[in-house]
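One structure is given here, and the rest of the page talks about it.
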Amino acid sequence: LELKKRKEMIEIALQKIDGSWTVHDTKDDKISVVYKQIGDSNVYTVRGVMTMKAEPDALDFYYKYQECGYDDIYIKALKSDENCTEIGIKNLIDIDHQIVYSSNN
1 LELKKRKEMI
11 EIALQKIDGS
21 WTVHDTKDDK
31 ISVVYKQIGD
41 SNVYTVRGVM
51 TMKAEPDALD
61 FYYKYQECGY
71 DDIYIKALKS
81 DENCTEIGIK
91 NLIDIDHQIV
101 YSSNN
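This is the structure we're talking about:
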């Protein structure tokens, strides 16, 4: 059942953003976050986009912190957050896009 639900979530995450998604007000034009609640549950899929200035130092810092396709930041989160029961990349789309699944108590 959990694998079926995870598959459904990945399919939803890959859908085109339309009026069924809720837009979160980030108060920053460079950061866009939308989410969709699945039925009457505590299950959500979240999609975020961040626009960065093309300054070499900023981009280098970002990629040292988190680079698509590598789970280091998620392994660290799992070890340091007692409420996090699972987190990791479930689908690598390309070098700039990935689907991350997380489960928290």
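Per this note's numbering, the very first residue in the sequence shown carries number 1; after that it's consecutive.
Glycine included, C-beta positions come from ideal geometry on N, C-alpha and C.
For residue i, the three-state DSSP class (helix, strand or coil)
i, result
"TYR74", "helix"
"ASP81", "coil"
"GLU8", "helix"
"LEU14", "coil"
"ASP57", "helix"
"LEU92", "strand"
Distance between residue j and residue i (C-alpha atoms, nearest Å)
i, j, result
"ASP94", "GLY69", "8 Å"
"ALA13", "ASP71", "19 Å"
"ALA77", "ILE87", "8 Å"
"GLU55", "LYS30", "15 Å"
"THR22", "VAL100", "19 Å"
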